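Residue numbers (the working numbering), protein chains in the order written: chain A, 7 to 349; chain B, 5 to 157. Note that the Cβ used here is the ideal one computed from N, Cα and C, for glycine as well. In this text, all values refer to a predicted model and were calculated from it rather than measured experimentally. A quick write-up on the structure given underneath.
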Amino acid sequence: MKVLGIETSCDETGIAIYDSEQGLLAHSLHSQVKLHAEYGGVVPELASRDHIRYLLPLTEKAFQQAGICKQDIDGIAYTAGPGLIGALMVGASAARAMAMALDVPALGVHHMEGHLLAPMLESPSPQFPFIALLVSGGHTLLAEVQGVGQYKILGESLDDAAGEAFDKTAKLLDLGYPGGPVLAKLAEQGYAGIYHFPRPMTDRPGLDFSFSGLKTFTLNTYQTAVAEDLGDQQQTKANIARAFEEAVVDTLRIKCQRAIKQTGIKTLVIAGGVGANLRLRASLKVMVEKQGGKLFYPRIEFCTDNGAMIAYVGCQRLMAGQYDPLIIHARARWPMEELSQIS
Amino acid sequence: MSQLKRHLVNETAQLELAAQIARLSPPGMVIFLQGDLGTGKTTFVRGFIQALGYQGVVKSPTYTLVEPYVINNRSIYHFDLYRLADPEELEYAGGRDYFTRQAICLLEWPEKAEGYLPQPDLILHLSYRDSGRDVLIESGSDQGERLLMTLDS
Numbered sequence: 007m008k009v010l011g012i013e014t015s016c017d018e019t020g021i022a023i024y025d026s027e028q029g030l031l032a033h034s035l036h037s038q039v040k041l042h043a044e045y046g047g048v049v050p051e052l053a054s055r056d057h058i059r060y061l062l063p064l065t066e067k068a069f070q071q072a073g074i075c076k077q078d079i080d081g082i083a084y085t086a087g088p089g090l091i092g093a094l095m096v097g098a099s100a101a102r103a104m105a106m107a108l109d110v111p112a113l114g115v116h117h118m119e120g121h122l123l124a125p126m127l128e129s130p131s132p133q134f135p136f137i138a139l140l141v142s143g144g145h146t147l148l149a150e151v152q153g154v155g156q157y158k159i160l161g162e163s164l165d166d167a168a169g170e171a172f173d174k175t176a177k178l179l180d181l182g183y184p185g186g187p188v189l190a191k192l193a194e195q196g197y198a199g200i201y202h203f204p205r206p207m208t209d210r211p212g213l214d215f216s217f218s219g220l221k222t223f224t225l226n227t228y229q230t231a232v233a234e235d236l237g238d239q240q241q242t243k244a245n246i247a248r249a250f251e252e253a254v255v256d257t258l259r260i261k262c263q264r265a266i267k268q269t270g271i272k273t274l275v276i277a278g279g280v281g282a283n284l285r286l287r288a289s290l291k292v293m294v295e296k297q298g299g300k301l302f303y304p305r306i307e308f309c310t311d312n313g314a315m316i317a318y319v320g321c322q323r324l325m326a327g328q329y330d331p332l333i334i335h336a337r338a339r340w341p342m343e344e345l346s347q348i349s
Numbered sequence: 005m006s007q008l009k010r011h012l013v014n015e016t017a018q019l020e021l022a023a024q025i026a027r028l029s030p031p032g033m034v035i036f037l038q039g040d041l042g043t044g045k046t047t048f049v050r051g052f053i054q055a056l057g058y059q060g061v062v063k064s065p066t067y068t069l070v071e072p073y074v075i076n077n078r079s080i081y082h083f084d085l086y087r088l089a090d091p092e093e094l095e096y097a098g099g100r101d102y103f104t105r106q107a108i109c110l111l112e113w114p115e116k117a118e119g120y121l122p123q124p125d126l127i128l129h130l131s132y133r134d135s136g137r138d139v140l141i142e143s144g145s146d147q148g149e150r151l152l153m154t155l156d157s
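Next up, the structure:
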């Protein structure tokens, strides 16, 4: 079965074609991050307008790349939520219209389910069950994944997501917004051990996260350092960035280790934009292997939003006979535990 | 319109104030929350929403722009407009659909959508002081004024 996947939940327009027999045939992506960087944020209306502009050319490109024609498609999957409602509606409407024209079924897919299952696009792919750490700008959660649609949330952020903590800390250090990746790069030049940040909520049981308090800690540390005038301010910032990153990575590692112990499941998957952070990957790899388990993660381009993960999930569900009625369906808020499992 | 100033020594004091204001807030209440990153705007909203009986997690809506809650048939919307680049964008995102006489709206970074928001009943200005926070509460309507009087008594 060949499925066209469309992702338009936030800043990225992602289109891909997944074949249940041959795997991923094509994927193309347009990112609005540059556009939004000029404005200093995501502009919902600009996001929707940009999705409209790029969706069809990217779809043409994907078909060319796959070397198939539109009539070869057996189904269409689109991100139905959660996300910015205007942006979601663009993908949902286009998918529904194309499905009608081609007389194939269409299905709305949960964006986070896409992320959780993105490592399934790689070879070797993880075997169910596994523990998934989903870390991005909007989400930080630990889930037990027993199969497609069988998710149990083990823990989640009670306030800021890990990616958001990166972005806001970058802003506090005058690195711009959203500056998470800039902060991670600066951290490479920082010395370890100069500053020590707390590891929030690791001193008590449970698998929830809280990164909000790190903002105040960063600001206090930075202001104290500036007041003491330690000379090279760029180096001071790099040292703070290093200490901050280590705190976040350590916190995530401690919670993942707890999840492994609690469930007895030794396969760990990292997904989401922060999953591209190299220090996080390295730290989790060492921990998992020490437990006798294995770490899986998608290639960096599938850590962030993309169409391939949507095409993959859509393909699994369409093959199981699921499809949506003839309505355009998009939800800004959508709890993942409401998803149905596939038989 | 009057003002009230308080020093909040820690997070508990901040949650306590939020709970007091929540219990005094009638439907239709619009509260603006101003203050730098990390001064506790989301913490205030968490205290407010949980004081009304919400059991779940109150997450930062920076990424999603707005998080809706329904508590005992009352709608509460938590906005974070930090990522808006142009005030008009709130209009395109369907902003005005949220401001009804039944719903309570709590807005972080209202200055990012100036001109597209209703008149606030209360404005909270949060700032850092020592290891705690200062809060200056201003009333913006008769309803807000009454709430402030009760809070002060």
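Cβ-Cβ distance between Gly-136/B and Lys-221/A below 8 Å: To locate residue 136/B, count along the second sequence from 1; it is residue 132. To locate residue 221/A, count along the first sequence from 1; it is residue 215. No, these two residues do not count as a Cβ contact at 8 Å.
Ordered list of alpha helix (DSSP H) runs contained in the region 59–117 of chain A, each at least 4 residues: 91–108
Residues within the region 123–153 of chain A neighbouring chain B, beta-carbon criterion of under 9 Å: Ser-142, Gly-143, Gly-144 and His-145
Leu-121/B at chain A interface by Cβ criterion, 8 Å: The residue labelled residue 121/B in the question sits at position 117 within the second sequence. False, the Cβ-Cβ gap to chain A never drops below 8 Å.
Spatial distance of Ala-247/A from Pro-111/A (CA atoms): Reading the first sequence from its first residue, position 241 is the one you call residue 247/A. Reading the first sequence from its first residue, position 105 is the one you call residue 111/A. About 48 Å.
Residues from the region 56–83 of chain B in contact with chain A, defined by Cβ distance under 9 Å: Val-61, Val-62, Lys-63, Ser-64, Thr-66, Tyr-67, Thr-68, Leu-69, Val-70, Glu-71 and Pro-72
With 16 other Cβ atoms within 10 Å as the buried cut-off, status of Ala-107/A: If you number the first sequence from 1, residue 107/A lands on position 101. Ala-107/A should be labelled exposed.
Beta-carbon proximity of Leu-127/A to Thr-14/A, cut-off 8 Å: Position 121 of the first sequence, counted from the start, is the residue given in the question as residue 127/A. Position 8 of the first sequence, counted from the start, is the residue given in the question as residue 14/A. Cβ distance not < 8 Å, so Leu-127/A and Thr-14/A don't count as in contact.
Short-range partners of chain B found in the region 228–239 of chain A, where Cβ spacing is below 7 Å: none
Within chain A, partners of Leu-41/B - CB distance below 7 Å: Position 37 of the second sequence, counting from 1, holds the residue named residue 41/B. Within chain A, the residues near Leu-41/B are Lys-174, Lys-177, Leu-178 and Lys-221.
Backbone secondary structure at Tyr-120/B - three-state DSSP: Stepping through the second sequence from its first residue, residue 120/B is reached at position 116. Looking at Tyr-120/B - three-state DSSP - the assignment turns out to be coil, as it is neither helix nor strand.
Reference Glu-15/B, options Asp-330/A, Glu-295/A, Phe-250/A and Ser-218/A, closest by Cα: Counting from one through the second sequence, the residue named residue 15/B turns up at place 11. Per the Cα distances, Ser-218/A.
Nearest candidate by alpha-carbon position, reference Pro-341/A, set Gly-169/A, Gly-143/A, Ala-314/A and Gly-155/A: Reading the first sequence from its first residue, position 335 is the one you call residue 341/A. Nearest of Gly-169/A, Gly-143/A, Ala-314/A and Gly-155/A to Pro-341/A, Cα basis: Gly-155/A.
Beta-carbon neighbours of Thr-46/B, restricted to chain A and to distances below 9 Å: The residue given as residue 46/B occupies position 42 in the second sequence. Those are Asp-165, Asp-166 and Ser-218, listed as they occur along chain A.
Strand pairing of Cys-109/B, partner residues [DSSP]: The residue labelled residue 109/B in the question sits at position 105 within the second sequence. Note: Cys-109/B sits in a beta bridge opposite Val-34/B and Tyr-81/B.
Check whether Gly-279/A and Val-115/A have beta carbons under 8 Å apart: Here the question's residue 279/A lines up with position 273 in the first sequence. Here the question's residue 115/A lines up with position 109 in the first sequence. Against a cut-off of 8 Å, the Cβ pair of Val-115/A and Gly-279/A comes out as no contact.
Own chain partners of Leu-286/A with C-beta closer than 6 Å, once the 5 adjacent residues on each side are dropped: Within the first sequence, numbered from 1, the residue matching residue 286/A stands at position 280. Closer than 6 Å at Cβ, skipping near neighbours: Val-255.
CB-CB length for Leu-37/B against Leu-110/B, believed under 8 Å: Position 33 of the second sequence, counted from the start, is the residue given in the question as residue 37/B. Position 106 of the second sequence, counted from the start, is the residue given in the question as residue 110/B. About 7 Å separates the two Cβ atoms, so the contact holds.
Cβ shell of Pro-132/A (< 8 Å), same chain only, five flanking positions each side left out: For the purposes of this step, residue 132/A is taken as residue 126 along the first sequence, with counting starting at 1. Counting only Cβ-Cβ distances below 8 Å, and skipping sequence neighbours, we find Pro-125, Met-126, Thr-273, Val-275, Lys-300 and Phe-302.
Alpha carbon of Tyr-81/B to alpha carbon of Gly-120/A, nearest angstrom: Against the second sequence, residue 81/B aligns to sequence position 77. Against the first sequence, residue 120/A aligns to sequence position 114. Whole-angstrom Cα-Cα distance: 27 Å.
Leu-31/A versus His-57/A, Leu-64/A, Glu-18/A and Gln-71/A, residue with shortest Cα-Cα distance: Within the first sequence, residue 31/A is the residue found at index 25, counting from 1. Looking at the Cα atoms, Gln-71/A is the closest of the given residues.
Contact check, Phe-203/A vs Phe-250/A, beta carbons under 8 Å: Here residue 203/A refers to the residue found at position 197 of the first sequence. Here residue 250/A refers to the residue found at position 244 of the first sequence. Yes. Within cutoff.
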